[in-house]
Amino acid sequence: MEHRYDPQEIEPRWQQVWADEKTWEVDNAVLQDPAVDPVYVLEMLPYPSGEPHVGHLKNYAIGDAVAHFKRRQGKTVVHPLGYDAFGLPAENNAIKTGQHPRDATEGSIASFQEQFRRWGVSIDWSRELATHRPEYYRWTQWLFLKFFAAGLVERRSAAVNWDPVDETVLANEQVIDGRGDRSGALVEIRQLDQWFFKITDYAQRLLDDLDTIEWPSHVKTMQRNWIGRSAGARVAFRCEETGTDYEVFTTRPDTLFGATFFVMAPEHPDVDALVAGTPQEAEVKAYVQKALTAERGERGAADKPKTGVALGRHVINPVNGDRLPIYVADYVLMDYGTGAIMAVPGHDQRDFDFAQAYGLPVKRVIAGANVGAPDDHLGDEAAWELSEQALPYVGDGPVVNSHPDFDGRHNREALEGMNAWLAEQGKGEASINFRLRDWLVSRQRYWGCPIPVVHCPEHGIVPVPEDQLPVVLPDVEDYKPKGKSPLAAAEEWVNTTCPTCGGPAKRETDTLDTFVDSSWYFLRYTDALNAQAPFDPAMTNAWMPVDQYIGGVEHAILHLLYSRFFCKALTDMGVLNVNEPFQNLFTQGMITKDGAKMSKSKGNVVAPRAIIERFGVDTARTYVCFLGPPDQDADWSDEGVEGVHRFLSRLWRLSAEAAEHGSPDAAVGRGIDFEPEGDDLELIRKTHWAIDKVSQDLDGRFAFNTAIAAVMELTNAISSRRNAVAGGDGGPATVTGEDADRAWAAIRFAAATASSLLQPFAPHLSSDAYERLTGVRVWEQEWPTAEQRFLQRDEFELVIQVQGKVRDRVMAPTGASKDELQELAMGREKLQPFLEGKTIVKTIVVPGKLVNVVVR
RNA sequence: GCCCGGGUGGCGGAACGGUAGACGCGGCGGACUCAAAAUCCGCUUCCCGUGAGGGAGUGAGGGUUCGAUUCCCUCCCCGGGUACCA
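Given below as structure tokens:
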């Protein structure tokens, strides 16, 4: 009989079964059973735009493989999906075409849904959400109010990143190389009133708790660098002329005695006052003006020549009384430390560059490296050789020209004593500084979650009462931003009453950064239909943390950091009990085409829809998992897809044919009822080997490519046995009669197992082939277990080496002792030419592996 | 500059410190066919050799080891993150 693998028939048929029976839905009542410990598998919230691309395909192929594998191990798996639906692309489209962002977004969601269903991903659709719908964003607003009440929201004037093309403010995180991450425009600095979440309050905990989660180490490193904790000291320098103290932060208090000037950032609030009425005033103001309006990208470059202007004022170095001139210079940043620094040109490259440009003195306070002195001589003065290394010298060495308490000691050691000494003298104190900034969440855009506050002339900022939520995003005529949110034009909506006094008031017209929407969606899934609360602590306790989170490394910093912050803050407020949201993180690699990132402009986009129409989704899913290690980037190859499709076709055909040589029986999936011999035994062994290999590869290793390769090997073995019994290789069948019956039984078991092992990747093919062979549903079967007795062999190939080079191989009994193996090896004729005239120095024997003879 | 990854056949990639190149692609040869497609079988790291076989080989150079793709040091190249962060 003719067997043809027809995914276009098979796949929709099984998808219909899963949809009809709601196979992947999990009821909250089940999850509240204390005996159930749900496994929460989650892919990062997709932004719906057009159609899903191959990156999504890979994301869900990986996630679904994990979900299926866990289910087959008897776990209750929860696997929801939703849409990150607010955001700029839909709004930019609206500006261009006039189409309401809601319509465009809903259209994209419909297209995503259609594709995701066609992909056969095992999603619990009953929990689907979209962040732009009022039933979702009312809770985003509710959470905003909680943060507000907890003092974690602040509105303040800030120098912000202004994107002149999108006409909106950007978070630091959205500025890449001085350019807006979406528009690509050079970002300008402007002073505006903005809303912030005080994520910096959590800097230390966000850093510390990285140690409690299982994430790729490079992602943790990126977060650590972003948080940027520096230990140092704060030291106050008093202005000689005005008597004002100016604190600086330094990580190098050991170089305090080497300060020769003092620098303030152009944004420093006291700069104007310090020069008011002085001859320097005009020049300083001109410089500051220029620095503040300079585009961020220009200012940020480290290799840019240093510029600045002297204020004509001075500070006194508290540790030695030195009188230091104050400069304003744009290489000092206002938003790190205190916005003012002590400059130590002898031991800091930047200060040195500035000193050179302006003819300022350079003072050595650290001698050169301790040439000839080993590290364990730290503090042993006699060991120092005070080499005079060229300045600036940023390395370590003995302290010189400073203070009798420190001179001669190693600077790293002096550093420790310095903080205590400063505190003792009342001149400074130890201090920790973070690079992390507060999270700027307001956007002057339309398509986002309205910020639920009202501005009252009497009462200032008044939060909208909970029972008036959601503050519904109104429709507007014109989406184009004009320096303020398009919402400002919705007069009927903007003009409201103050919740406190009932008097006329105006609504806040900024909307929230979409990262706020996606910082808590994983909590909403636990109770997606709850109309009384964003989530139920009983459910978040049952689900959280996410056991396996899967997404692109591009979210390594922002989304993951914000979500962690949200959980910690909400836990502190008592509305949640989740310290870390994502226990295990897997970051998938990108799929490229012809070695380059896929993009419309390059014309190298691979559309999942086209692949699926041609080969079916099982091929597409299996292929993206087979391409290479899933955490690495991989290049798409059309020939490679065909190869995987050939493999799936082959397995399906073999299964269909084998099914006809017996009747469907669940027992077929479990083994055979006779003691196999010869080639049958080899096939059974290969089957158990594959079970063992695939199980190990899937168990937390994400070694999907080698798991699939193992099933390919098994399929090749099945095919070869099938040819022997059916004569498919051109010749006649070589196995007949009862031998053939046994061979077919072995083949049926092997084929059922191959299908079963492939189920996490190709669930439709697997379900179909497995049912033909066994009459039962593969997804309801336990994951197979390898039998030890088929994994062990009584013989192995002994490798015989001389000087570590392979010279011979021979079969040897598995249990042979070292002596027996050595004797066997030494007796081999092939070895003799390599031993002749040599003395055997020693022999290494690794039982079960090899013998290595070392000669001289 | 600093911090991470990564360099293995023609290509994607496999290899608890123990047979380098599993599996797939591509290529070559064969079977089936009037023919082609599909399918099936075999070969396929490079060099020397008709052959048996020998030699070289995991970015480069050192080291540790009986034995290194794997561990250590120095360097080169590619990718990512970050960058006047005091």
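With the first letter of the first sequence counted as 1, position 54 gets the number 367 in the numbering used here; the numbers rise by one all the way through. No residue lacks a Cβ here, since even glycine has one placed at the ideal position from N, Cα and C. Keep in mind it's a predicted model, so treat the numbers as computed, not measured.
Which residues in the same chain as residue i place their Cβ atom closer than 6 Å to its Cβ, once the five residues preceding and following it in sequence are excluded?
i           : result
residue 694 : Low confidence applies here, because residue 694 scores a pLDDT of 42, under 50, leaving its location unreliable and the question unanswered by this model.
residue 329 : none
At what residues does the alpha helix (DSSP H) containing residue i begin and finish?
i            : result
residue 1034 : 1017-1039
residue 376  : 367-385
residue 741  : Not the alpha helix (DSSP H): residue 741 falls in the beta strand (DSSP E), residues 741-747.
residue 481  : Residue 481 -> not in any alpha helix (DSSP H); beta strand (DSSP E) instead, spanning 481-483.
residue 940  : No alpha helix (DSSP H) contains residue 940, which DSSP labels as neither H nor E.
residue 1103 : 1101-1104
Given a threshold of 16 other Cβ atoms within 10 Å of its Cβ, counted over all protein chains shown, does residue i qualify as buried or as exposed?
i            : result
residue 769  : buried
residue 595  : exposed
residue 1012 : exposed
residue 410  : exposed
residue 621  : buried
residue 351  : buried
residue 384  : buried
residue 1180 : Because the chain here runs from 314 to 1169, residue 1180 falls outside it and cannot be looked at.
residue 618  : exposed
residue 1162 : exposed
residue 326  : exposed
residue 400  : buried
residue 728  : buried
If you run the structure through DSSP and keep just helix, strand and coil, what is residue i?
i           : result
residue 549 : strand
residue 784 : coil
residue 511 : coil
residue 777 : coil
residue 656 : strand
residue 574 : strand
residue 992 : helix
residue 506 : strand
residue 688 : With a pLDDT of only 41 at residue 688, under 50, the local geometry of the prediction cannot be trusted, and the value read off the model is given with reservation. Looking at residue 688 - three-state DSSP - the assignment turns out to be helix.
residue 523 : helix
residue 432 : coil
residue 982 : helix
residue 650 : coil
What residue range is occupied by the uninterrupted beta strand (DSSP E) comprising residue i?
i            : result
residue 473  : 466-476
residue 769  : 766-769
residue 1165 : 1163-1168
residue 1122 : 1118-1126
residue 352  : 352-356
residue 795  : Looking at the DSSP string, residue 795 is not in any beta strand (DSSP E), and its letter there is neither H nor E.
residue 1147 : That residue, residue 1147, is in no beta strand (DSSP E); its alpha helix (DSSP H) goes 1145-1148.
residue 1113 : 1108-1115
Among residues of its own chain, excluding the 5 on either side of residue i, which ones have a beta-carbon nearer than 7 Å to its beta-carbon?
i            : result
residue 881  : 515, 518 and 892
residue 1154 : 1167, 1168 and 1169
residue 345  : 851 and 855
residue 321  : 929
residue 318  : 961, 962, 965 and 966
residue 752  : 484, 509, 510, 512 and 875
Near residue i, which residues of its chain fall below 8 Å by C-beta distance, leaving aside the five closest residues on each side in sequence?
i           : result
residue 807 : 800, 801, 819, 820 and 822
residue 909 : 915 and 917
residue 923 : none
residue 688 : Legend: pLDDT at residue 688 = 41, less than 50; position of this residue unreliable, value from coordinates given subsequently. Here the set comprises nothing.
residue 388 : 350, 351 and 352
residue 692 : Confidence is the limiting factor: at residue 692 the pLDDT is only 41, short of 50, which leaves the residue's position unreliable, though a coordinate-based value still follows. Answer for residue 692: 722, 723 and 726, listed in chain order.
Taking DSSP's pairing of strands, which residues face residue i in a bridge?
i            : result
residue 1199 : Lying outside 314 to 1169, the shown extent of the chain, residue 1199 is not represented and no answer is given.
residue 819  : 768 and 808
residue 762  : 825
residue 899  : 863
residue 909  : 906
residue 559  : 550
residue 949  : 906
residue 723  : 711
residue 1156 : 1166
residue 1069 : None; residue 1069 has no bridge partner.
Could you tell me whether any non-hydrogen atom of the ligand ADP is closer than 7 Å to the CB of residue i?
i            : result
residue 1098 : The ligand ADP is not part of this structure, which contains no ligands at all.
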